[in-house]
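**Student:** Using this note's numbering, you'd call the opening residue of the sequence shown number 2 and step up by one each time.
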Amino acid sequence: MPLTSTRLGPDWPRQVKTPGSYDWERSAAKWLRELVPARYASYPAFVRHPVLLARHAQIQVEHEIRVARIALQTARADLPRLGLHEGAIEHAIKLYAAELMQLQHIARSVRAVTQALSESAR
Numbered sequence: 002m003p004l005t006s007t008r009l010g011p012d013w014p015r016q017v018k019t020p021g022s023y024d025w026e027r028s029a030a031k032w033l034r035e036l037v038p039a040r041y042a043s044y045p046a047f048v049r050h051p052v053l054l055a056r057h058a059q060i061q062v063e064h065e066i067r068v069a070r071i072a073l074q075t076a077r078a079d080l081p082r083l084g085l086h087e088g089a090i091e092h093a094i095k096l097y098a099a100e101l102m103q104l105q106h107i108a109r110s111v112r113a114v115t116q117a118l119s120e121s122a123r
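(1) From Pro81, Ala58, Ala93, Ala117, pick the residue whose C-alpha is nearest to that of Ile40; which is it?
(2) What residue range does the alpha helix (DSSP H) around Tyr41 cover?
(3) Checking 8 Å against the spacing of the C-beta atoms, do Leu53 and Ala42 come in under that value?
(4) CA-CA distance, Lys95 and His86?
(5) Please identify the residue among Leu101, Leu73, Arg34, Ser110 whose C-alpha is closest to the C-alpha of Ile66.
(6) Run through DSSP, which three-state label would Tyr97 get?
(7) Using three-state DSSP, classify Ala113 as helix, strand or coil.
(8) Near Thr19, which residues of its chain fall below 7 Å by C-beta distance, leaving aside the five closest residues on each side in sequence?
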């Protein structure tokens, strides 16, 4: 298998082997399966075509980012109505902000893996 031109940067997931190395696509697929709902991970098309799994993982993470943004943007207005005190609201806001940052990092990682899988498939 030829080495790809993908450069490993800070967003490359440590769970995924270097593109072109032995069994790297399998390690990529394993990591990607952790990002999608379990029922999707076992679909035969996703098992046979890791780049398809990567595409779905991208979409999944993009939606999770939207959810985290909405939760963060609406926390101050919605959470008091649920009876939460200010301390719990502040904690929730910090949690949503941290989750958003983590999801953005995961999205960059998924894009890097998707690009490498696409190059490998050519």
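Virtual Cβ for every residue (Gly too), placed ideally from N, Cα, C.
**Tutor:** Straight from the coordinates:
(1) With the sequence shown as reference, residue 40 is identified as Arg, and Ile is not the correct amino acid for it. Considering only alpha carbons, the answer is Ala58.
(2) 39-42
(3) no
(4) 15 Å
(5) Leu101
(6) helix
(7) helix
(8) Leu9, Trp25
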